[in-house]
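Under the numbering used here, think of the first position of the sequence shown as 71, with each following residue one higher.
Below: the structure, in structure tokens.
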Amino acid sequence: MSNHLTRIISLWPKDELRPWLSFPKALDTTFRSKLEKLSPEDRKLQLNAADKLLENTYWNEFTPQKNVLKPQFNPNYYEDLKQVRRKEVKVPWFKRLFQSN
């Protein structure tokens, strides 16, 4: 179990929009402790579900419609959000704090 979860955690992608949040860290602490309390069968099911999330199995099986990913009011909304986030990361937090809009 430990090796399986460690592999999942090491492969989990970073969140581009919220880099200050660490889902792998949450998996390592919360998920690991909850797994230890489960039966071996349930543990295996949970780890397999995490594997499927990591491999985008559900995304590939249930791909959202284009209108969800590209809203009519602003088709580039999510891409623009990523661009803004990337620019913010390059500017130190103290400069952002004192920047005038």
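Virtual Cβ for every residue (Gly too), placed ideally from N, Cα, C.
query: Which of the three DSSP states, helix, strand or coil, is assigned to Thr133?
result: Numbered from its first residue, the sequence shown carries residue 133 at position 63. Correct three-state label for Thr133: coil.
- request: Could you tell me whether the stretch 72–88 touches the stretch 106–126, using the rule of 3 or more Cβ pairs below 8 Å?
  value: yes
Buried or exposed (CB count within 10 angstroms, at least 16 for buried), Leu105: Taking the first residue of the sequence shown as 1, we reach residue 105 at position 35. Buried, since its Cβ has 16 or more Cβ neighbours within 10 Å.
query: Helix or strand or just coil, what does DSSP make of Phe143?
result: In the sequence shown, the residue the question calls residue 143 occupies position 73. Coil at Phe143, not helix or strand.
- prompt: Should the stretch 85–102 be regarded as contacting the stretch 149–157, the criterion being three or more beta carbon pairs within less than 8 Å?
  reply: yes
- request: Sort Pro94, Met71, Ser72 by Cα distance to Leu81 and report the nearest one.
  value: On the sequence shown, residue 81 is found 11 positions in, with the first residue counted as 1. If we check each option's Cα against that of Leu81, Pro94 comes out closest.
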